[in-house]
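Q: Next up is a structure, given as structure tokens.
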Amino acid sequence: MSFALRSVLPLVFFVSPLFANGSFTIDQVMSAPFASLLTAAPNGAKVAWLLNERGQRNIWLAAAPDWKARKLTSFNEDDGQEIDELAWAPDGSYLLFARGGDFENGQDNPNPALSLTKPEQAVWIATLDGSPAKKLTDGRAPAVSPKGDLIAFIRGGQILTMSPKGDHIVEAVTQKWPMENLRWSPDGSHLAFVSERKDHSFIGLYTPAGKSLRYLNPSVDRDMSPVWSPDSSRLSYVRLPARSHQIAFGPHREGEPWSIRVTDLKTGSARQIFRAKAGPGSVFHGIVANDQIFWTAGDRIVFAWEQTGWCHLYSIPVQDETAPVELTPGEGEVEHVAASADRSSIYFSANFQDLDRRHLWSVNPSSHSAPQPVTRGENIEWSPVPLADGSALAFLESAYNQKAHAALRLPDGKTRDLAPETTPSDFPATSLVKPQQVILSAADGMEIHGQLFLPASPRTGERHPALIFFHGGSRREMLLGFHYMYYYSNAYALNQYFANHGYVVLSVNYRSGIGYGLNF
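If you're matching positions, the sequence shown starts at 15 in our numbering and goes up one per residue.
Okay, structure coming up:
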């Protein structure tokens with residue numbers, strides 16, 4: 015349901031909240047755990063994800079055939095130490111992860127629990143045999159070689175390697191500049207990475223066998239997101255043009271076009287296979303994914319481009335100089351993207367046909383067929399994760415009365431929630447109200463979307479105090495349900511709390527936010 019709200023300001027005045035019968039507390043509405051970092055094992059049918067339960071962050075695991083979830087780690091304190099950068103062993107027998115530190119900005123390790131010692135940032139290992147997780151060494155961003163014999167990781171911006179047992183630690187690549195994005199070749203013979211150099215960056219290539227280092231087609235531009243061809247012979251990457259400093263939240267609608275390049279490792283030759291057109295889409299628009307481009311079956315590269323004013327997916331052959339094919343036409347933004355294990359399908363979240371939610375879709379990058387919807391309805395789905403054996407699709411999901419949780423779409427089309435027992439019994443799911451989509455007409459005619467929370471069972475003519483909520487960011491979009499980002503999920507919970515206590519709440523997605531196209 016949606017309706018236009020032409021004049022909302024007269025609604026707004028502040029009085030003491032009207033407490034309704036059966037009201038719940040802030041603690042109750044925020045008590046359900048929050049799921050993130052969903053990842054599938056490289057073989058078989060098992061998934062792992064991170065669950066934040068009242069500040070206690072732990073990795074959970076579920077596997078076929080029963081899909082009963084269990085904890086892999088046992089961190090039982092609300093100490094503010096985050097977990098990120100999950101990495102599977104090639105045989106799926108263990109999971110590496112980084113714990114502690116500032117994963118968002120790379121600054122000093124936070125210490126909100128006021129520990130007497132400075133919290134560390136370390137690489138941990140969690141085996142699937144029930145043994146307790148243990149720390150291997152200080153560092154982050156673990157990446158296991160496909161051969162299973164070597165683990166690369168980053169410490170202080172430098173690349174080190176170690177054995178799966180955490181010993182034989184060697185400084186592999188130590189340079190003046192920090193390095194990121196460790197990517198092993200499928201045959202395990204090379205390690206690609208990004209060398210960050212403030213206003214530009216290089217794609218580096220480290221070969222453990224020969225202990226050699228080289229940089230691929232270096233320039234004054236910013237190269238990023240290296241991805242390997244299936245046969246390990248070529249490397250593709252995104253090249254962003256060099257530019258001076260820009261304000262983070264200023265408008266970046268046009269600029270020097272970005273491009274995609276491919277380097278042949280044997281010959282060292284590099285060539286451009288795509289360059290964005292001038293105008294809309296000339297400025298790179300990222301997606302939420304492990305990599306910004308995908309090397310798919312049929313020797314094609316799939317990438318996101320904003321040339322239509324919407325962030326859509328395109329496909330282009332690596333060898334032939336042909337125009338890219340748009341895979342996801344229509345009005346809507348593609349956001350979370352993943353490829354199937356056999357590289358024949360691309361799964362993504364988008365708000366096509368439902369601008370204030372996210373649903374899952376699939377598309378064949380080698381054909382001209384239209385994307386197929388995987389999920390529909392009033393829930394919100396994101397972070398698609400195809401299982402290695404193709405037996406199911408894992409994803410994260412929420413609803414107007416359910417926080418982010420892991421789920422499976424099974425071959426019969428049914429959805430199964432994972433670890434539903436982790437939601438506390440006093441979480442007020444039945445007391446939450448379903449927000450309504452509202453559309454405000456701005457002075458210049460632009461449509462502004464919002465979500466209206468009304469107290470339960472309002473009586474005609476009854477007056478309520480009102481609040482208008484403007485989310486932070488500004489590059490965010492509040493949805494018609496619990497958000498897929500932790501902070502905004504809590505903000506949604508607070509709006510539900512106010513509605514439960516007698517307020518009318520209008521949440522507004524003001525312009526410059528995501529979800530409604532480039533011009534918004």
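Cβ coordinates follow ideal geometry from the N, Cα and C atoms, glycine included.
Bear in mind that the values here come from a model prediction, so they are computed numbers and not experimental data.
What is the rounded straight-line gap between the Cα of L51 and the Cα of Y524?
A: Start at 1 with the first residue of the sequence shown, and residue 51 comes out as number 37. Start at 1 with the first residue of the sequence shown, and residue 524 comes out as number 510. The alpha-carbon atoms of L51 and Y524 are separated by roughly 28 Å.
Q: Mind the definition here: the region 66 to 73 touches the region 115 to 123 only if three or more C-beta pairs lie below 8 Å; say whether that holds.
A: no
Q: State the DSSP-derived secondary structure class of P387, mapped to helix, strand or coil.
A: Locating residue 387 in the sequence shown gives position 373, where the first residue counts as 1. Here P387 sits in strand by DSSP.
Q: Would you mind stating whether L327 and V316 have Cβ atoms separated by less than 7 Å?
A: Here residue 327 refers to the residue found at position 313 when the sequence shown is read from its first residue. Here residue 316 refers to the residue found at position 302 when the sequence shown is read from its first residue. Against a cut-off of 7 Å, the Cβ pair of V316 and L327 comes out as a contact.
Q: At the level of alpha carbons, what is the spacing between N304 and R473?
A: Counting from one through the sequence shown, the residue named residue 304 turns up at place 290. Counting from one through the sequence shown, the residue named residue 473 turns up at place 459. Each residue's Cα considered, the two are about 49 Å apart.
Q: Taking just the CA atoms, how far does G94 sit from P124?
A: Counting from 1 along the sequence shown, the entry for residue 124 is found at position 110. Counting from 1 along the sequence shown, the entry for residue 94 is found at position 80. If you take the alpha carbons of P124 and G94, they lie about 7 Å apart.
Q: In angstroms, rounded to a whole number, what distance separates the CA positions of V208 and S199?
A: Counting from 1 along the sequence shown, the entry for residue 208 is found at position 194. Counting from 1 along the sequence shown, the entry for residue 199 is found at position 185. Answer to the nearest angstrom: the Cα atoms are 14 Å apart.
Q: Identify the continuous beta strand (DSSP E) that holds S503 and give its terminal residues.
A: Indexing the sequence shown from 1 puts residue 503 at position 489. Here S503 belongs to no beta strand (DSSP E); instead the alpha helix (DSSP H) covers Y500 to N514.
Q: Is the region 372 to 381 touching the region 391 to 404 in the sense that three or more CB pairs, one from each, lie closer than 8 Å?
A: In short, these stretches touch, since the Cβ pair count reaches three.
Q: Does DSSP put V43 in a helix, a strand or coil?
A: Position 29 of the sequence shown, counted from the start, is the residue given in the question as residue 43. If DSSP states are grouped into helix, strand and coil, V43 belongs with the helices.
Q: T322: which of A59, G531 and D105 sits nearest, CA to CA?
A: The count along the sequence shown starts at 1 and reaches residue 322 at position 308. Selected option, being the one with the closest Cα: G531.
Q: Taking T277 as part of the beta strand (DSSP E), name the residues at either end of that continuous run.
A: In the sequence shown, the residue the question calls residue 277 occupies position 263. Element bounds for T277: S273 to D278.
Q: Are P160 and V137 close, meaning C-beta to C-beta below 7 Å?
A: For the purposes of this step, residue 160 is taken as residue 146 along the sequence shown, with counting starting at 1. For the purposes of this step, residue 137 is taken as residue 123 along the sequence shown, with counting starting at 1. In this structure, V137 does not lie closer than 7 Å to P160 by Cβ.
Q: For the region 472 to 486 and the region 422 to 440, state whether three or more C-beta atom pairs, one from each stretch, are separated by less than 8 Å.
A: no
Q: Quick one: grab the DSSP three-state call for T436.
A: Within the sequence shown, numbered from 1, the residue matching residue 436 stands at position 422. Correct three-state label for T436: helix.
Q: Do P442 and F111 have their C-beta atoms within less than 7 Å of each other?
A: Counting from one through the sequence shown, the residue named residue 442 turns up at place 428. Counting from one through the sequence shown, the residue named residue 111 turns up at place 97. No; because the gap between Cβ atoms is not below 7 Å, this pair is not in contact.
Q: Going by DSSP in three states, A83 sits in which element: helix, strand or coil?
A: The residue you call residue 83 lines up with position 69 of the sequence shown. Three-state result, A83: coil.
Q: Ordered along the chain, which non-local residues of its own chain (more than five positions away) have a Cβ less than 7 Å from that of M44?
A: Stepping through the sequence shown from its first residue, residue 44 is reached at position 30. Closer than 7 Å at the Cβ level, and outside the excluded window around M44, lie N504 and A507.
Q: Tell me where the beta strand (DSSP E) around Y251 begins and ends.
A: Looking up residue 251 in the sequence shown gives position 237. Its beta strand (DSSP E) spans residues R248 to L254.
Q: Per DSSP, R423 is paired with what?
A: Within the sequence shown, residue 423 is the residue found at index 409, counting from 1. R423 pairs with L407 and T429.
Q: Is the beta carbon of V399 sitting closer than 7 Å to the one on H350?
A: As a first step, residue 399 is located in the sequence shown; it is residue number 385 there, counting from the start. As a first step, residue 350 is located in the sequence shown; it is residue number 336 there, counting from the start. No, they are not a contact pair.
Q: Excluding the 5 residues flanking G293 on each side, which residues of the same chain have their C-beta closer than 7 Å to its C-beta?
A: As a working note, residue 293 is residue 279 in the sequence shown. Counting only Cβ-Cβ distances below 7 Å, and skipping sequence neighbours, we find E268.
Q: Smallest Cα separation from A1: which of A76, P56 and Q42?
A: Outside the displayed range of the chain (15 to 534) lies residue 1, so it cannot be described from this structure.
Q: Check each candidate in S203, F534 and P240 and name the one with the smallest Cα separation from D458.
A: Indexing the sequence shown from 1 puts residue 458 at position 444. Among S203, F534 and P240, the Cα nearest to that of D458 belongs to F534.
Q: From T436 to D181, what distance separates their C-alpha atoms?
A: Here residue 436 is taken as the residue at index 422 of the sequence shown, counted from 1. Here residue 181 is taken as the residue at index 167 of the sequence shown, counted from 1. Roughly 36 Å between the two C-alpha positions.
Q: Going by C-alpha to C-alpha distance, which of D278, E96 and L520 sits closest to L466?
A: Stepping through the sequence shown from its first residue, residue 466 is reached at position 452. Of D278, E96 and L520, the residue nearest in Cα terms is L520.
Q: With a threshold of 7 Å on Cβ separation, who are the neighbours of R107 within its own chain once the five nearest residues in sequence on each side are excluded?
A: Translated into the one-based positions of the sequence shown, residue 107 becomes position 93. One point to set straight first is that residue 107 is Ser, not Arg, in the sequence displayed. Within the same chain, S107 has close Cβ partners T141 and L142.
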